[in-house]
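Encoded as structure tokens, the structure appears first; notes follow it.
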Amino acid sequence: MYDFLTGMEFYRFLKGPMVWFAFIIFTGGSAYRVISLVYRSRNAKVIYTYMDLKYSLRSILHWIIPFASTNMRNHPWMTIITFLFHGCLIFTPVFLLAHNMLIQESWNIAWWTLPERTADAMTFIVIMCVVFFAIRRLVSPEVRFVTSASDFVILSIAAAPFVTGFLAFHHLMIDYRLALNIHILAGEIMLIAIPFTRLSHMLFFWLIRAYTGSDFGAVRHSKDY
Amino acid sequence: MFKVERKPVADLGMDDTAKGLAPERIEKVMRWVLERESDARLRTYVETCIHCGLCSEACHYYLSYKRDPSYAPVSKVRQTLWDILGRKHPADGETVKKYARIAFAECNLCRRCSMYCPFGIDIAYLLALVRRICGLLNVAPQYLQDNTNSHIHTFTQSWVGQDDYVDTLQFLEEELRMDILNARIPLDKTGAEYMYTPHSHEVTFKTHLLANMARILNVAGIDWTMPSTDGWENTNQAMHAGYYETMGMIERKHFEAAFRLKVRRILAGECGHAFRAAVYDGTRWLGWKTPPVPYVSAIQFFYELVRDGRIRIARKIQEPVTVQDPCSFVRNRGLGEMLRYIIRATCEDFREVTPKLEHNYCCCAGGGVINYGPPWKFIRMEGGRIKVRQFRETGAKIVIAPCHSCHKTIEEMSDFYKLGLHVLFANELIVKTMEVPEAMRAVQQKNEGTGGV
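Protein sequences, first through last, are from chains A and B. Residues in the first sequence are numbered from 2 upward in steps of one, following my numbering. Residues in the second sequence are numbered from 1440 upward in steps of one, following my numbering.
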């Protein structure tokens, strides 16, 4: 088993067909979730009737700019940590040198990459944020009340690629080949999980905010931030 | 894990009706509401919520109950819809009663949490669905069910018949004529600019409010009328009980009265939920995007009168004054600044509240909670503790609360917590301070100055 997990065969499988599989499920699944929501919303009397571009954008902007909404200002630490977490979570894998090299090898296209030390620091930030979120789930009464095992599973899915990537990069704790293989697998699991778990908030954030923003702004002449 | 503890409450509308509920009926109703009536929002909201708990501090119950996590908005969804959707609930009367208590007595549907959720999830919509389930199973506070029955029989909230109503209007008109020369409460005038629509309490035990409105309309020289037929009252407790069919019927009757009189606008009295039912819920249930007859709230109307100089403010109130922002008018209609304009125009010492405007706390009586009667009074008193603190901090002696629910509960809170607050509607504020032109004053008035409230 150990030999298989660290072996080249598994590595080639993960680096080849599995990547395709993960990306197809991620893009196809995401498209399906979004399109089916947009389609199902047609039956609701109150959704498209009141949609408004200006107020949709107003709402989205106030919630993707740090400290632009009241609740963000009420919880400054949570705001800083959440923005750091999401920022690093998205930017690190996309602009990581090692990832770019793989893409260049395959298709001969490349884009700007993060300096290795920066990427390393960003990975560490993601891991620390995850630790913070996990502790918060256990310690904060109002969060603990609504926490179940699935919340930790989702947190683990998001954390795993970063933890294993960090271990592989620094050759820490476990064998490099093992860490690398698990890292790739973890990344693929995360991509597959996005459309079908509550990680889908990545997709629905925009749509829900647009609707709520329109409802508050265009219909009720009020602010939602 | 946390233990959720609540005081036992005896309410026939929930205890007796929940007893004999057949599991099949519960299942059928839940399936009907969650699969047929609800729309795409339900599952999207529930599946997107990341359980971060950031909505907690939005809720006045959570803050008033010493940050008890079971009162956080997301916790209320957890204790109801998560169970139902996850099929973890036992389909029996006791469970429905538990859901009813959470949806009816622990949420005012004020929508403050939507402003604090990073995704903007409309938690009030989710809890309104739970209310709908309970309503269809007839598990709702007894007084609220009684209100709904009254709506069905008399088209008013509190069993006021058409004859009593017309009689009261004639009596009020007569009385008003002692102050204002040739004052009129014109009934059934076709083609008037405004049709005034009051709360039924304004023709029972708060008649001075209707008299005030008539006084203002007469002094400002507005072309107005009131219908002599059913549909004159615009409150809608059926909306809160989850009896949406009745809610639609009430609004239809109400708008039909306006159609028949061919009025250009409807002027709504100071009742928050009535405004909400007419402008949003009822209108949408009937299939209109916006009300078929333009709907003007009293706050906007007074603002325009003062701004345009249609009435003149003769004197200002000297005592310190603060404000309650009713959810239906401010968070859900954006009239907060207009309300402040009126207050600044009529009061010398206005003390702003924190948080203010759309961020202000609900009075804990909205969403029908004021109508649940004595068994549930404690919930308003306890849930309103954060409100009490807010008022205490301002040091004001008068609270302007332009909504029947807010007004009543703040008066009760003032008694309960010995705050010594005097609560005023916006129309009382205007009548106290406006000038009645010399030529309009009746003989007695000329001798005594202006009339009281």
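The C-beta atom is built at its ideal place from N, Cα and C for all residues, glycine as well. Computed from a predicted structure; not experimentally measured.
Next item on the list: Pull out every residue of the stretch 1772-1791 of chain B whose Cβ sits closer than 9 Å to any Cβ of chain A, in chain order.
Entry: R1772, G1773, L1774 and G1775
Notebook entry, point to check: If you measure beta-carbon to beta-carbon, which residues of the stretch 85-118 of chain A are closer than 9 Å to chain C?
Noted result: Looking for chain C here will not work: the only protein chains present are A and B.
Checklist line | CB contact flag (S1639 (chain B), S1667 (chain B), <8 Å) | finding: no
Checklist line | Assigned secondary structure, C1710 (chain B) (DSSP; H/G/I helix, E/B strand, else coil) | finding: coil
Next item on the list: Spell out whether any CB of chain A is found under 8 Å from the CB atom of V1569 (chain B).
Entry: no
Checklist line | Under 7 Å from the C-beta of F206 (chain A): neighbouring residues of chain B | finding: F1558
Check: Taking Cβ-Cβ distances shorter than 8 Å, what residues in chain B pair up with V47 (chain A)?
Finding: D1478 and R1723
Check: With C-beta atoms as the reference, is C1494 (chain B) less than 8 Å away from P1512 (chain B)?
Finding: yes
Margin query: So that I know if they touch, is there some Cβ in chain B lying closer than 8 Å to that of R59 (chain A)?
Written below: no
Margin query: By alpha-carbon positions, which one of B:G1600, B:A1579 and B:P1580 ends up nearest to S1589 (chain B)?
Written below: B:G1600
Margin query: For D1871 (chain B), count the other beta carbons within 10 Å of its own beta carbon; 16 or more makes it buried, fewer makes it exposed. Which is it?
Written below: Per the sequence shown, residue 1871 (chain B) should be read as Lys rather than Asp. That one is buried.
Next item on the list: Kindly indicate which three-state DSSP category R1616 (chain B) falls into: helix, strand or coil?
Entry: coil
Next item on the list: Could you check how far apart the C-beta atoms of L1700 (chain B) and A1631 (chain B) are, in whole angstroms? I think they sit under 8 Å.
Entry: 7 Å
Note to self: Would S1651 (chain B) and I1619 (chain B) qualify as a contact pair, given that the criterion is a beta-carbon distance under 8 Å?
What the structure shows: Here residue 1651 (chain B) is Asn; the residue named in the question, Ser, does not match the sequence. No, the pair does not count as a contact, with Cβ atoms beyond the cut-off.
Item checked: Within chain A, the residues that R1770 (chain B) reaches when beta carbons sit closer than 7 Å -> S223
Margin query: Looking at the strands, I want to know which residues DSSP matches up with V1485 (chain B).
Written below: Bridge partners of V1485 (chain B): none, in fact.
Next item on the list: Indicate whether at least one CB of chain B lies closer than 8 Å to the CB of L126 (chain A).
Entry: The sequence shown places Ile at residue 126 (chain A), not Leu. Chain B contact via Cβ: absent.
Item checked: 8 Å contact criterion, which P1731 (chain B) and C1845 (chain B) should meet: CB distance rounded -> About 28 Å; that fails the 8 Å criterion.
Note to self: So that I know if they touch, is there some Cβ in chain B lying closer than 8 Å to that of F146 (chain A)?
What the structure shows: yes
Item checked: Neighbour flag for E1874 (chain B) against chain A, beta carbons, 8 Å -> no
Notebook entry, point to check: What alpha helix (DSSP H) runs, 4 residues minimum, are completely inside the stretch 1828-1883 of chain B?
Noted result: 1843-1855 and 1865-1872
Margin query: Any beta carbon from chain B within less than 8 Å of W78 (chain A)'s own beta carbon?
Written below: no
Checklist line | Neighbour-count burial assignment, T50 (chain A), 16 or more Cβ in a 10 Å radius | finding: exposed
Next item on the list: Quick one: list the residues of chain A neighbouring P1508 (chain B), beta-carbon separation under 9 Å, in chain order.
Entry: S141, P142, E143, V144, R145, F146 and V147
Next item on the list: Taking only beta-carbon positions, decide if C1549 (chain B) is within less than 8 Å of chain A.
Entry: no
Checklist line | Expected contact under 8 Å - CB spacing of W207 (chain A) and I61 (chain A) to nearest Å | finding: 6 Å
Item checked: Spatial distance of G1891 (chain B) from V1760 (chain B) (CA atoms) -> Low confidence applies to G1891 (chain B): its pLDDT is 48, below 50, so where it sits in the model is not reliable, and the reading given next is rough at best. Going by the C-alpha atoms only, they are around 19 Å apart.
Next item on the list: Look up L181 (chain A) in the DSSP assignment and say whether it is helix, strand or coil.
Entry: helix
Check: Can you tell me the Cα-Cα spacing of I128 (chain A) and I183 (chain A), whole angstroms?
Finding: 16 Å
Checklist line | Where T1483 (chain B) meets chain A, residues with beta-carbon distance less than 7 Å | finding: L38, F205 and I209
Item checked: Cβ-based neighbour list, M1820 (chain B), same chain, cut-off 6 Å, excluding 5 preceding and 5 following -> F1855
Note to self: Under DSSP, the alpha helix (DSSP H) around V132 (chain A) begins and ends at which residues?
What the structure shows: E117 to V140
Margin query: Can you tell me whether W1727 (chain B) is helix, strand or coil according to DSSP?
Written below: coil
Note to self: Considering only their Cβ atoms, is the gap separating I1738 (chain B) from M1686 (chain B) smaller than 8 Å?
What the structure shows: no
Checklist line | Proximity below 8 Å, CB of G1748 (chain B) to CB of S223 (chain A) | finding: no
Next item on the list: Return yes when the Cβ of T1487 (chain B) is within less than 8 Å of the Cβ of F1558 (chain B), no when it is not.
Entry: yes
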